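Chains as they are written, first to last, in full-length UniProt numbering: chain A, 1 to 432; chain B, 1 to 432.
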């Protein structure tokens, strides 16, 4: 057996503790698989004395996290978080020192992945971040390696476990968003400030990373159009179900002549599609390749065990010497791609209006659709039950035929400020 | 750009043609990802003049397939098939020459994988066979690398597309096995001699490979207990549906104190399980790890495009220099594990009897179950429609509580030769 892979670990939260427990419990098996032991030698975190349920007295303690890169180690594992600050400093100093860097930090990779990938290539160091996307699911490996023979037409999936937990609970119990969010927060499934999850920012970080690897383009987080699930009502879930769909927050990216398209948005997914059956905090990613067809990767998207599994998988790759450019090709080979114009896209849409119960409202909506050139496939009007947060309103749900998204946007623009609407319309795309 | 990876290709059937087309179409993208071009330089097949829809005149032609290993190439791709014969000779000579060997040949890897893995390690050559299991789905990579940090408790899945095509067509259309098989053969979805697919041998080859990688045990194809879907009736599918299940041919392996357990058998899968929603020729594999939880990999299990995708993914790994021991650890580290005793297993069972419509039959079956200690959860008796191949019979379906499989076997043994039974009972396990 060759010499151990020596690890410094920054961050001792739930995932850091999970990494320590995993290496303790599965260490002998991992040494057989990796060809050498993987040993944590030093750790750093904010509070040395906190009880983490694991013995850290056997590791060297370092007060200044960014000093870990200077130790006699092969790899630094960063579980501190934050797109900048100490995490980024640590990444830069570690890679500059020619040491491997493994992270679960999606925000940092989405923002600074290109720079860090260049730094890794310059020093010959490994840069790996499997845990940054879809927790324990090896989807970065699946795209970087498993599907590497394919031109990827499209990549999309359920990238945020908190949102999927809330949507599938709304679905199962007929409850509204705010109600389920409050319960999820009480149970610890959602953060006290859930903005990054609920509004699609977390999924957007992950999508930007996936799109780069899938398409050979530079990570472009700033070009992801993101909205979340805040405005999805129980009535939307019920109407979607009646139409043969479930609502899922999808990150979706494709890449064609028009540029790189990246969107995080609640979508209607046909019940015949595998993603319609993904419930709870599970993540699932679909990649469509020109030879392999549709690949699906699914599993736990968060939690200390799954995330630690992905972090240690990266360490095993490094211990085996099986690693290369982080984004599947050298940073300089990644194309700087302009964002695609969403108005040019075609698709089917679901639009739900909450309207006043008075004469002429339907005619006004129908006229706006007609004037914008939107072709209506079905229209349903249903009275509100009164306890759905838009009490006293009537719901009008329109499903369009396939057509340009620009037309739907124009129709909604025409209706803006209309006295007939009692709230903002909700426009969701139907996954095609 | 460094020098190309030079390939010799043995076998120019549909998959071989797919590999050539894929490298033609995606070659530039693959060179960016692999860091170097991948170039076929020589080919060999039975018939040089056959029209394959691709131009092979640009490659050197070699009459004797086994001579490919002697050429100036980096990797030999074997798509000839057969567990022994020329494929095995080619594998041995290629690896002995220190050249990479990539194959889609599940039978050869299931039978001779250990020997070939040793040969690869001895010469430092790559041995890769992603296409041997689940076609285009990167499940070997998923287990070998993606889930490598985990002790895998269990691996199971839908490993044969032909059987899943037949079962899901029976399910959708209420038809019986023989009828759907005949149609599948006419359409080319099933072989003229479908034995390997239908009776579970193909799935058993794949399961033996997956189990070895998952558990760190030597491939043990001879220890796989395999039966197929020949005896599944439309009535079984209907009864399962009424109970909340779908029937799927599963390969399932686990590994504990009792040894290595490997089984290919039709199972009842709860409709809440993702595998219940896998229809058509799709393959899907679940791995349950002690940290990652349940991982699912799903996609096209066969076909020239998906299989070529997996073959070329292996070539990209080799071009990148990202490869190591084929079964996830050195051959000598793989444990020689005794097979587990199936009688020791516990589970729930579905047993369907076709019985004569006369007094006392139910009592006889119930007594046999009681005497063997089988605890019955539900029992359904239903008249036959007469057009299901067991005309005039009555069906009795029993679902057991969880208990030892030995007891069910004993109950069926007690009923053997009973005049009350008009056909062989069908015993299926319920996936727990």
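The C-beta atom is built at its ideal place from N, Cα and C for all residues, glycine as well.
None of these values were measured; they are calculated from a predicted model.
Below 8 Å CB to CB, which residues in the same chain sit around residue i once its five sequence neighbours on both sides are set aside?
i: residue 343 of chain B; result: 404, 405, 406, 409
i: residue 393 of chain A; result: 354, 355, 356, 357, 384, 422, 423
i: residue 282 of chain A; result: 158, 161, 164, 298, 299, 300, 301
i: residue 265 of chain A; result: 200, 225, 226, 227, 249, 250, 252, 428, 429
i: residue 401 of chain B; result: 348, 375, 376, 377
i: residue 222 of chain A; result: none
i: residue 74 of chain A; result: 5, 6, 7, 99, 100, 318
i: residue 273 of chain B; result: 431
Report all residues from its chain with a CB closer than 7 Å to the CB of residue i; omit the five preceding and five following residues, and keep chain order.
i: residue 340 of chain A; result: 258, 259, 260, 261
i: residue 215 of chain B; result: 152, 255, 260
i: residue 304 of chain B; result: 14, 15, 17, 18
i: residue 427 of chain A; result: 349, 351, 408, 412
i: residue 213 of chain A; result: 140, 143, 144, 327, 328
i: residue 190 of chain B; result: 162, 181, 184, 197
i: residue 86 of chain A; result: 65, 66, 80
If you count every other CB in all the chains shown that lies within 10 Å of the CB of residue i, and 16 or more means buried, which is it?
i: residue 217 of chain B; result: buried
i: residue 440 of chain A; result: With chain A covering 1 to 432 only, the question about residue 440 of chain A has no answer from this structure.
i: residue 334 of chain B; result: buried
i: residue 82 of chain B; result: exposed
i: residue 187 of chain A; result: exposed
i: residue 436 of chain A; result: The requested residue 436 of chain A is not part of the displayed model; chain A covers only 1 to 432.
i: residue 322 of chain B; result: buried
i: residue 2 of chain B; result: exposed
i: residue 242 of chain A; result: exposed
i: residue 78 of chain A; result: buried
i: residue 432 of chain B; result: exposed
Considering residue i, what are the terminal residues of the alpha helix (DSSP H) in which it resides?
i: residue 92 of chain A; result: 85-96
i: residue 202 of chain B; result: 201-215
i: residue 408 of chain B; result: 405-415
i: residue 317 of chain A; result: 304-320
i: residue 236 of chain A; result: 234-243
i: residue 162 of chain A; result: 161-173
i: residue 17 of chain B; result: 14-34
i: residue 118 of chain A; result: 106-123
i: residue 298 of chain A; result: From DSSP, residue 298 of chain A is part of no alpha helix (DSSP H) but of the beta strand (DSSP E) over 293-300.
i: residue 370 of chain B; result: 361-372
Just to confirm the assignment, what range does the beta strand (DSSP E) spanning residue i have?
i: residue 196 of chain A; result: Here residue 196 of chain A belongs to no beta strand (DSSP E); instead the alpha helix (DSSP H) covers 195-198.
i: residue 265 of chain B; result: 259-270
i: residue 153 of chain A; result: 152-158
i: residue 183 of chain A; result: Looking at the DSSP string, residue 183 of chain A is not in any beta strand (DSSP E); the run it does join, the alpha helix (DSSP H), is 177-187.
i: residue 221 of chain B; result: Counting along the chain, residue 221 of chain B falls outside any beta strand (DSSP E), and DSSP gives it neither H nor E.
i: residue 433 of chain B; result: No answer is possible for residue 433 of chain B: it lies beyond the span of chain B, which begins at 1 and ends at 432.
i: residue 395 of chain A; result: 394-400
i: residue 75 of chain A; result: 75-78
Got a sec? Which residues, its chain only, sit under 6 Å from residue i by beta carbon, not counting five neighbours each side?
i: residue 415 of chain A; result: 368
i: residue 240 of chain B; result: 247, 268
i: residue 314 of chain A; result: 102, 128, 130
i: residue 373 of chain B; result: 407
If you measure from the beta carbon of residue i to each beta carbon in chain E, is any gap under 8 Å?
i: residue 189 of chain A; result: Annotation note: the requested chain E is absent from the structure, which comprises protein chains A and B.
| field | At least 3 beta-carbon pairs within less than 8 Å: the stretch 8-24 of chain A vs the stretch 285-295 of chain A | value | no
| said: Three Cβ pairs or more, each shorter than 8 Å: is that satisfied between the stretch 139-159 of chain B and the stretch 305-323 of chain A? | reply: yes
| field | Segment contact, 8 Å Cβ cut-off, at least three pairs: the stretch 119-139 of chain A with the stretch 240-248 of chain A | value | no
| query | Between the stretch 100-118 of chain A and the stretch 129-137 of chain A, are three or more C-beta pairs nearer than 8 Å? | reply | yes
| query | Which residues, in chain order, does the stretch 297-320 of chain B contribute to contact with chain A at a C-beta distance below 7 Å? | reply | 297, 298, 299, 300, 305, 306, 308, 309, 312, 313, 316, 317, 320
| message | Tell me whether the stretch 188-201 of chain B and the stretch 220-235 of chain B touch, counting them as touching only if at least three CB pairs, one residue from each stretch, are closer than 8 Å. | response | yes
| message | For the pair the stretch 91-109 of chain A and the stretch 45-56 of chain A, tell me if three or more CB-CB distances fall below 8 Å. | response | no
| task | Count the C-beta pairs between the stretch 166-183 of chain A and the stretch 59-66 of chain B that are closer than 8 Å, then say yes if the count reaches three, no if not. | result | no
| said: Can you pull out the residues from the stretch 151-165 of chain B whose beta carbon lies closer than 8 Å to at least one beta carbon of chain A? | reply: 151
| task | Can you give me, in chain order, the residues of the stretch 16-30 of chain B that have a beta carbon less than 8 Å from any beta carbon in chain A? | result | 18, 22, 25, 26, 29, 30
| field | Cβ-based contacts, 7 Å cut-off: residues of the stretch 108-141 of chain B near chain A | value | 136, 137, 138, 141
| field | Interface positions of the stretch 32-58 of chain B facing chain A (Cβ-Cβ less than 8 Å), listed along the chain | value | 32, 33, 34, 35
| request: Below 7 Å between beta carbons is the criterion; list the residues of the stretch 265-276 of chain B that meet it against any residue of chain A, in chain order. | output: 274
| message | Along the stretch 229-254 of chain A, where does the CB come closer than 8 Å to a CB of chain B? Name the residues. | response | none
| Going along the stretch 326-338 of chain A in order, which residues come within less than 8 Å of chain B, judged by CB to CB distance? | 328, 329, 330, 333
| query | Of all the residues that make up the stretch 410-431 of chain A, which are near chain B by a beta-carbon distance shorter than 8 Å? | reply | none
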